Amino acid sequence: MKLFKEISVWRRINDKTAIRYRCLQDLKSGKYAVSNADGFRVGDGEKHRTYLENLFVELLTETSPSERCDWFEVLCDAIASHDREFDVFSLALPPE
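If you're matching positions, the sequence shown starts at 1 in my numbering and goes up one per residue.
Next up, the structure:
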């Protein structure tokens, strides 16, 4: 049985935008991965937060994080890898 610990890490982009990294720690290996990153803007409502929570649960349950994620010894390395793979900073752009 695989056990994971969820770790939320926040990055403040500017005075209107933040990113929450939904990180996991494999409790057997001690390694870290980023499951996904969520963008938040001032004024986002409950519907947005509910959508992001449901998305995290879907990602966690549909495919094992052991197979879907890249794993690292250091949490910051997992976040840096996620940033390189996905353009999370585009979340700071104003909505169209």
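Just so you know, even glycine gets a beta-carbon here, dropped at the ideal spot from N, CA and C. Quick caveat: nothing in here was measured; it's all calculated off a predicted structure.
Bridge partners - Asn36, DSSP secondary structure assignment: Translated into positions along the sequence shown, residue 36 becomes position 36. According to DSSP, which records beta bridges pairwise, Asn36 is partnered with Arg22.
C-beta contact flag for Ile13 and Ala37 at 8 Å: For the purposes of this step, residue 13 is taken as residue 13 along the sequence shown, with counting starting at 1. For the purposes of this step, residue 37 is taken as residue 37 along the sequence shown, with counting starting at 1. Not in contact: Ile13 and Ala37 (Cβ atoms no closer than 8 Å).
Own chain partners of Leu55 with C-beta closer than 6 Å, once the 5 adjacent residues on each side are dropped: As a position in the sequence shown, residue 55 is number 55, starting the count at 1. Cβ neighbours of Leu55 beyond the five flanking positions: none.
Assigned exposure category for Val42 - 16 Cβ within 10 Å defines buried: Here residue 42 corresponds to residue number 42 of the sequence shown, with the count starting at 1. Exposed, by the Cβ-count rule.
C-alpha gap between Phe4 and Asp87, whole angstroms: Position 4 of the sequence shown holds residue 4. Position 87 of the sequence shown holds residue 87. About 25 Å.
Residue of Leu60, Glu62, Lys28 minimising C-alpha distance to Glu73: Counting from one through the sequence shown, the residue named residue 73 turns up at place 73. Answer by Cα proximity: Lys28.
Residues that Thr17 bridges to, as DSSP identifies them: If you number the sequence shown from 1, residue 17 lands on position 17. Answer is Arg41, bridged to Thr17.
Beta-ladder partner(s) of Glu6, from DSSP: Locating residue 6 in the sequence shown gives position 6, counting from the first residue. Partner(s): Leu24.
Alpha carbon of Asp70 to alpha carbon of Ala33, nearest angstrom: On the sequence shown, position 70 is the one that residue 70 refers to. On the sequence shown, position 33 is the one that residue 33 refers to. Roughly 6 Å between the two C-alpha positions.
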